[in-house]
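So the sequence shown is residues -20 to -1, 1 to 340, counted in mature numbering (1 follows the signal peptide of the UniProt record, and there is no 0).
The structure appears below as structure tokens.
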Amino acid sequence: MKTKALITALVVIGAASVFVWQKNSEAAGQPSGKPSRPAIAVATSQVEAHPVSRSLSLIGNLKSEHSVVIAPEVGGKISAIYVNAGEQVEEGASLLTLDTAKSQAALAEAQAFHKDELRKLREYSKLVQRGALTKTELDAQQASVDVAKARLDAATADFNDHHIKAPFSGTVGLVDITRGQLVSSGEALLNLDDLSLMQLDINVPEQYFSDLNKDIKVTARSKAWRDQVFNGQLTAVDSRVNNDTLNLRARINIDNQAGLLRPGMMMEALLDFAPQISSVIPVQAIEYSGTKRFVYLVGDDGIAKRTEVKLGARVDNKVTVENGLALGDRIVVQGLVSMRDGTKVNDLTAAKSAESGEGK
């Protein structure tokens, strides 16, 4: 029985020795197991520099360069209206008049008072020369004349306030007032707009601040005139950025001599910036994974590394790269289906370029 157990133990020890010998032989250089994965044939492309045109489309509402709501500085009853809706008026033209009966009477009274005080001053001057009055009494009369003149100026201003005139040349809006209507001080009566030059204010994201200058090309469109393109010019940029939106306001002037535009219209402005040299790669080189984008970057050792990139604008069949690659980097553009991070590749594009170089 003991002899049988001893034989079994010797068999097990022998088998283990053979297994250890085989492993040592493999470590010494004898091949074993599956062969290594062959290199995958791919086509590659280099990251190139390319001038990329840039533009920005923004929406805003028009306003006229000169625009005012006509409102009287005094209250009263409208006695005359001299304009019609849509009429073009010149600067200083009469728009309407309020009843001037009281203001005219006050003006006449002030004129008479001032005239009488001047008469007294002349008489006082003669009496002073004769020694009948003192210099102090003459000075007091001069003060009375000054007061009378101030009253006359105030009465004149009040009278003129009843005659409302155009502060600049422009187009009159709708006329919703009538003769005999009683209006109060500051009440809106008419709109007056200079339509020859329109202004469009747009909110520009702060990252475009360095691109804003008066030389950029600006065009604008309106839904009211779908086939019409209006040329504009950037004239001013606000002095600060909005803390909440991180935008800054820019102003565009649009010539409107043809009278096609009106204040309040919505316009779409297109700002064409100077081209920017950017790194571009073919679109087919991109691998999509959720919200992330990857490419396979081929190193000098022929190993493809899966690299995350940040992309920018698309230009035809290429796309700009903002981060992740450098100019001259070689990336896989064909053969992506079999690609994995760390895959050995056979770069057919580089090989073909090398053959072409040797053939010259």
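No residue lacks a Cβ here, since even glycine has one placed at the ideal position from N, Cα and C.
Put residue i into one of helix, strand or coil per three-state DSSP.
i: N140; result: helix
i: A130; result: helix
i: D321; result: coil
i: V263; result: helix
i: Q213; result: strand
i: D327; result: strand
i: R220; result: coil
i: S5; result: With a pLDDT of only 43 at S5, under the threshold of 50, the placement of this residue in the model should not be trusted; the figure read from the coordinates follows. Residue state, collapsed to three classes: helix.
i: E89; result: helix
i: T114; result: coil
i: A195; result: The question names Ala, but residue 195 in the sequence shown is Asp. The answer is coil: DSSP assigns D195 none of H, G, I, E or B.
i: Q256; result: strand
i: K332; result: helix
Using CA atoms only, rank isn't needed, just tell me which of the options is closest to residue i.
i: Q26; options: R242, K194, V299, D181; result: V299
i: L307; options: E267, K324, N326, I261; result: I261
i: residue 383; options: F148, S124, A21, L76; result: A question about residue 383 goes unanswered here, because the residues of the chain that appear run from -20 up to 340.
i: A230; options: N223, G239, L240, S219; result: S219
i: F139; options: D79, K197, A112, S164; result: D79
i: residue 350; options: I283, N326, L250; result: This structure gives no information on residue 350, because the portion of the chain shown stretches from -20 to 340.
i: S165; options: D174, G72, K57; result: K57
i: D207; options: Q213, T199, L214; result: T199
i: V54; options: D224, A330, A146, H142; result: H142
i: S37; options: A120, R201, K194; result: R201
i: G160; options: A265, A29, K332, S59; result: S59
Once the 5 residues before and after residue i are set aside, which same chain residues still bring their CB inside 7 Å of it?
i: residue 378; result: Only positions -20 to 340 of the chain appear in the structure, and residue 378 is not among them; the question remains open.
i: Q237; result: S176
i: G270; result: none
i: T136; result: L87
i: N297; result: P262, V263
i: L132; result: A90, Q91, H94
Just the Cα atoms here: how many angstroms apart are residue i and residue j?
i: L154; j: A168; result: 12 Å
i: V(-10); j: P18; result: Summary for V(-10): the model assigns pLDDT 39, below 50, so the residue's position carries little reliability, and this model does not support an answer.
i: G244; j: L228; result: 20 Å
i: L162; j: A90; result: 26 Å
i: V313; j: E288; result: 15 Å
i: S74; j: T114; result: 50 Å
i: D309; j: D280; result: 10 Å
i: R294; j: I257; result: 14 Å
i: K272; j: L226; result: 26 Å
i: A284; j: G292; result: 23 Å
i: G66; j: I50; result: 15 Å
i: D173; j: G40; result: 19 Å
i: A112; j: S124; result: 19 Å
i: residue 360; j: V301; result: Past the edges of the chain, shown from -20 to 340, lies residue 360, and the structure says nothing about it.
i: F210; j: G315; result: 49 Å
i: V22; j: E248; result: 46 Å
Using the Cβ count rule (16 or more neighbours within 10 Å means buried), how would you classify residue i?
i: A85; result: exposed
i: R99; result: exposed
i: V63; result: buried
i: F189; result: exposed
i: D96; result: exposed
i: M246; result: exposed
i: A81; result: exposed
i: V325; result: buried
i: E45; result: buried
i: Q109; result: exposed
i: D327; result: buried
i: Y104; result: buried
Who are the Cβ neighbours of residue i in its own chain at under 6 Å, not counting the five residues just before and after it?
i: N303; result: K290
i: G150; result: L172, D173, D174
i: V212; result: According to the sequence provided, residue 212 is Gly. The question's Val does not apply to it. V198, A200, I232, I234.
Tell me which same chain residues have a C-beta within less than 8 Å of the C-beta of residue i, skipping the five on either side of it?
i: I144; result: I50, P52, S74, L75, L76, T77, L78, L169
i: E70; result: A146, S149
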